[in-house]
Every structure is written in C-alpha cells, then in structure tokens.
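So the sequence shown is numbered by the numbering used here: it starts at 841 and just counts up by one.
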Amino acid sequence: MRPYMPPNVIFLNTDQQSRYAVSGSGNPWVNTPNLDALAASGVSFSRAYCAAPVCGPSRSCLNYGRPSHETGVLVNGIEPRQDQPEMCGLFHQAGYDVAWAGNRGGDQPPIPAETDDRFELAFPKGQPGLGVDMDGLVVDAAIDFLQRSRQRPFFLTVPLMNPHDICYAVMDRAPPTADPARELPPLPDNFEPAKGEPDFIRRCRTRQYYGQENSYTVGWDEDRWRHYLREYYSLNECVDGQIGRLLEALSDLGLEQDTLILHTADHGEGMAAHRWVVKLMFWENVVGVPLTVSWPGTIPSGIQRAQLSSGMDVLPTLCDYAGLSIPSGVTGHSLRSAIDDNDAGREFVVMQLHPDTEDLDFAARIVVSRGHKYVAFSAGDRRELLFDRERDPGEVDDLSTKPQAEGILRQHRTYLTQWLAQTGDPFTPVV
C-alpha cells in the first residue's frame, strides 16, 4: 500500500441520468462503456438516491451536504444561502486548486473570488443550452485545466448537461440524436399508471408550468413513447462519450492513480414508467441515480455496494477522502466506511419535493428504507403511499391501506418523524 497523499478530485455530475440508464445496470438498450469502465475501476452504489427530484434543489444538496430547506433552494431558479460552507469553498480553503468547468446557474454557490482557475461557459441568450452543444465545450475546458502544471492538488467540478436534453426533445424543441435505424426499445412493464393512482398525480400530467413536459405526452401512442425512450438512451450515450474523452485525457496525463473521481446525477428520469417523463415525482426511475467513487490503488475496484446513499453524502465523502474536516451540521454521511464495506449503512434516506405555485399543488417527502418506499403528501385524496421495493419493483401495488402492512407503515411514519425533528424540515404530512 502506497503512502497516503491527498488526491486530486474530480466531481463529475450528469443531469437527469437515471441509474437504470447506464448499461452497467443491466439495461440492454443503452450502451455506456465509459461509465461502465469507471464503475469497474471503483465502487458503485446500487441504491443511490437524489436528495430532491428536481435540478436546482438537488444540486444545492450535492454542494452543501444539506437538505434543500437548509440550502434555501426549494425550486429551480433560486440562489442558495451564502452563510454555509460549500464544496468549492471548502477545497479552496484547504489549499486545492479549484475549477468549475461549465455553466454556473443561479442555483449554484459562487466559486471563491480568489480562485485562480475558473471556466464558466455562458449559454447564448434565448437558447435552452443543449447538452449536445455544450458538453463538448465543458470537457474541452476540463481537459485544458488538467493539462496545466501545478504544485498542489486540484478540485475540478465537471457539470455535464445531458441527458437533460430529453426535456426539450419531449416538447419537440431539440433535434433527435438517435439513429433512425436503431431498434425501438420496449415499454416498461409498469408503463400504465397503477390503479388508484392519487388524483393530483393525474393532474400533474396536464400542468402547464412547473414540469410541463408531461403535458406534451397526452395523446402519445405507444410508438411515440418508444421513440422517446430511444432518444433518452441516445442522450445517455452522448454524454458517456464526453466522459470517455475526460477519462482518456486523465490517463494520457498519468493522473489516474492520483485522482479520485466521484460521478453521480442530480436526479433521474421517468423513462415511461407510469406514463411519466422527466422529474418531479417519486418513482424509482426518477429518484434513483448512478453513484460511483473511483481512486485506483486506494479504493476497491469493480465492487457494487447495496447500502443506501443520498446526494447529500457527496460533500462529506469527498471531504473525508481529501482529509478535510466535514462541516458541522451537514446531514449527509461520508460513504468511506460503506465503500470499504465496514458499515451496514443507514436505515433510511429521505427526499424532498416542494411545490411551486398552484400548478404543483402538493409537497411530498419520500422515505426509502432497505425494503420499502413510503411517500407522504401534504394534500390530495391519497395522503400516503407504501411500496415493497423487493416484491414490487415497478411500484404498482400500494400497500398503505392494507391491514397486513400497518406495522411497516407505522415504522416509516416514524422514520419521517425522526427526519423532520433532526433536520428542522417544516413539512407537515396530512395523514
């Protein structure tokens, strides 16, 4: 074992990438060889979850290690609080050479003003900023940064946009990337909404503002849904190609053994399960994300862990490996013990979904335990849902009203009550 030296760190963050949209998950309809290779060089988590199933709130949780009601980013387009330690600032204060390769939106904390290397690519005004156009530029900037000589370790954030372009593709606002000759994937077994689905979820499919993409699917036939899935898989392959360029440059520069890479996504994608596209929901495809930590020679290789993890764990995990003190008050846990398989992991994780205007007229908290998923709502005709994740992975059989599940239901209510008390979350479930 070589002497411990603080690693270089690359935080690789994709947008809207479900854990089921990488070929390493066993999905035969998508091919992501570079993410598969990254997983083969490190430890991946099969039960990683976002902190919130929407871009801005989730990214703030990644950067601060705290839930969105503490970062202040409840919905997209809100700047986070500036009185809490965040990832870039912590690594800068520790003497790292900090850089951010990519666009920095309003929901991201600022890079410290005294940081020397910063790459912030501005999107053209009036343009959605498609990942197929921008991700290559982001990786160009990241590679340029890697090629610079330096006397101290670096911390590089690489925020890639895709497969987020699927949002625009659903609304016919982006050109297709998929080969038209490519075979259409099948629809998932849980394509049709479950019987007894809460009424406000049905309303969400026609809302016109917050999460409007689902309204564009009204009237789609099955062939159109399959075209959507094919395009989503193609966009995952596009971003995988850019990740491959970054990994190749790291190898060519001889930096692999000295660099820890953490890859995850801000949230997943509906992927046609329950006739749902994009985010803003509790279905597993939406909240389940890929998570891989790689540091050749230090972290085990080719290992998959089943411990529960949260997006809030990213900051404390990176701090732990770099030898930085984990800020007091963060909710996230370092995954280092779980990576070494010395920790059975936590009993549950919680995700937050906040409303935005009357168009999304409910809030929710999503509790995932080792065997079940519990969802509590603030409004609507159905205030709770409970699914057995082992027997019902498609989440079509709600157990919340079944007498035989009463004990499990009470346990998950207790989990949520513990979370609310520990984090000061102001959510009030209506049970």
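All residues carry an ideal CB built from backbone N, CA and C; glycine is no exception.
Residue range of the beta strand (DSSP E) that includes residue i
{"i": "Y1068", "result": "Counting along the chain, Y1068 falls outside any beta strand (DSSP E), though it belongs to the alpha helix (DSSP H) covering E1062 to D1092."}
{"i": "G1108", "result": "Careful: G1108 lies outside any beta strand (DSSP E) and carries neither H nor E."}
{"i": "R1205", "result": "A1204 to S1209"}
Span of the alpha helix (DSSP H), counted from its first residue to its last, around residue i
{"i": "H909", "result": "S908 to T911"}
{"i": "H932", "result": "M927 to Q933"}
{"i": "A880", "result": "P873 to A880"}
{"i": "V972", "result": "G971 to L986"}
{"i": "A1162", "result": "V1154 to A1162"}
Nearest neighbour of residue i, chosen from the options [CA to CA]
{"i": "S900", "options": "F1202, D1106 and R992", "result": "D1106"}
{"i": "L930", "options": "D1237, F995, R1042 and D1181", "result": "F995"}
{"i": "V1154", "options": "R992, A891 and A1184", "result": "A891"}
{"i": "V972", "options": "T1099, T1132, I1006 and P925", "result": "I1006"}
{"i": "V1080", "options": "R1115, D876 and P847", "result": "Rather than Val, the amino acid found at residue 1080 in this sequence is Asp. Measuring from the Cα of D1080, the nearest candidate turns out to be D876."}
{"i": "L1148", "options": "E1037, Q857 and A1184", "result": "A1184"}
{"i": "L1086", "options": "R1210, R921 and A981", "result": "A981"}
{"i": "Y889", "options": "T1138, S1218 and Q1192", "result": "Q1192"}
{"i": "P1026", "options": "I1083, A1113 and G1059", "result": "A1113"}
Cβ-Cβ distance between residue i and residue j below 9 Å
{"i": "V1118", "j": "E1109", "result": "yes"}
{"i": "V849", "j": "I1179", "result": "no"}
{"i": "P1130", "j": "R887", "result": "no"}
{"i": "H1252", "j": "Y1214", "result": "yes"}
{"i": "N1030", "j": "V1236", "result": "yes"}
{"i": "P925", "j": "Y904", "result": "yes"}
{"i": "L1090", "j": "M927", "result": "no"}
{"i": "R1047", "j": "S1055", "result": "yes"}
{"i": "P893", "j": "F1122", "result": "yes"}
{"i": "A880", "j": "G1142", "result": "yes"}
{"i": "S898", "j": "S908", "result": "yes"}
{"i": "P1269", "j": "F1188", "result": "no"}
{"i": "T854", "j": "T1104", "result": "yes"}
{"i": "P847", "j": "P999", "result": "no"}
Residue i - DSSP class collapsed to helix/strand/coil
{"i": "W1259", "result": "helix"}
{"i": "V1126", "result": "helix"}
{"i": "I918", "result": "coil"}
{"i": "L1148", "result": "coil"}
{"i": "S1134", "result": "strand"}
{"i": "P1038", "result": "coil"}
{"i": "M845", "result": "coil"}
{"i": "D1181", "result": "coil"}
{"i": "G1247", "result": "helix"}
{"i": "L1100", "result": "strand"}
{"i": "A939", "result": "strand"}
{"i": "N1002", "result": "coil"}
{"i": "D1012", "result": "coil"}
{"i": "E1224", "result": "strand"}
{"i": "S884", "result": "strand"}
{"i": "V870", "result": "coil"}
{"i": "T1268", "result": "coil"}
{"i": "L1175", "result": "coil"}
{"i": "V1190", "result": "strand"}
Contact with chain D by residue i, beta-carbon distance below 9 Å
{"i": "F1040", "result": "Checking the listed chains, one finds no chain D in this structure; it contains a single protein chain."}
Would you check if there are 3 or more beta carbon pairs closer than 8 Å linking the segment 1065-1073 to the segment 1002-1013? yes
Cβ contact (3+ pairs, closer than 8 Å) linking the segment 1018-1030 and the segment 1090-1101: no
Can at least three beta-carbon pairs, one atom from the segment 1237-1251 and one from the segment 1222-1229, be found at a separation below 8 Å? yes
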